[in-house]
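Chains as they are written, first to last, in our numbering: chain A, 1391 to 1494; chain B, 2 to 178.
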């Protein structure tokens, strides 16, 4: 358990450390956004969605689409939770099977 | 050569024969009804609103609550907008120009319709290799899916030809590499 903060000037460095820790991305590990294969979505449509949602170039979008197609899944982004949620929302909007999970 | 979607100076021209427009209206009605109810035990709804988080059921519920409401609203609005573009049922062909974001909207609605049909057919038949084993009803739905897929690819070819570039050098016989 974290000890209580001391009042007064002596507490300042501790508060500063805590503020820095909150800003430290290592305290909020990223979430991986995974797109899963399914038998309905067209390959060209998946490339289109990847280009539109992530701004990928066509070769990158194609590579990831083929990874989904051949391996059943592809990691398409690794972001802080809020951004990962936005990607999942967008991908579900386009009908792709996308999930997020804590990055390992 | 198909002519359902073609380039137009102001966007994408959409041309549907009377029977095609009527069929699309009917499919959109069914989709809108399903989306309005959003019954969680319906296979179509489960497919249109899939899991959001893997490995953490609590987080999945949390993110579903957070994002699926707006996904539902967007899908309902898109289906309704396509209905409006088709106009009233009058047994006539439909020719209109899709402007601004409308081509993307139509592309997405066609995809939702195919996902809904696919959920009715079931993966067992979609992934199967023996068409003779598919019951007539499911086979008819699969043919309808193919028809909508052809529309989607035609629209993609107008909207973003690069997205179909993989066809140029994709080896369909060597997919496991």
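C-beta atoms are modelled at their ideal positions from N, C-alpha and C, and glycine is treated no differently.
query, result
"Chain B contact residues for residue 1438 of chain A, given Cβ-Cβ distances below 7 Å", "157, 161 and 164"
"Whole-angstrom distance between residue 1480 of chain A and residue 1408 of chain A, CA atom to CA atom", "Its pLDDT being 45, under 50, residue 1408 of chain A is placed unreliably in this model, and the value from its coordinates should be taken loosely. Approximately 34 Å, taken between the alpha carbons."
"Identity of the residues DSSP links to residue 148 of chain B by a beta bridge", "None, per the DSSP bridge assignment."
"Environment of residue 47 of chain B [buried if 16+ CB atoms lie within 10 Å]", "exposed"
"DSSP state of residue 6 of chain B mapped onto helix, strand, coil", "strand"
"Limits of the beta strand (DSSP E) - the one that residue 1422 of chain A falls within", "1421-1426"
"Short Cβ contact (7 Å threshold) for residue 80 of chain B with residue 29 of chain B", "yes"
"Per-residue burial, residue 1485 of chain A [other beta carbons within 10 Å of its own, 16 or more giving buried]", "buried"
"Residue of B:51, B:61 and B:6 minimising C-alpha distance to residue 117 of chain B", "B:51"
"Extent of the continuous alpha helix (DSSP H) run through residue 19 of chain B", "19-38"
"Beta carbon proximity, residue 113 of chain B to chain A, threshold 7 Å", "yes"
"Where the alpha helix (DSSP H) through residue 1498 of chain A begins and ends", "Missing from the structure shown is residue 1498 of chain A; chain A here goes from 1391 to 1494 and no further."
"Through-space distance from residue 107 of chain B to residue 154 of chain B, alpha-carbon basis", "12 Å"
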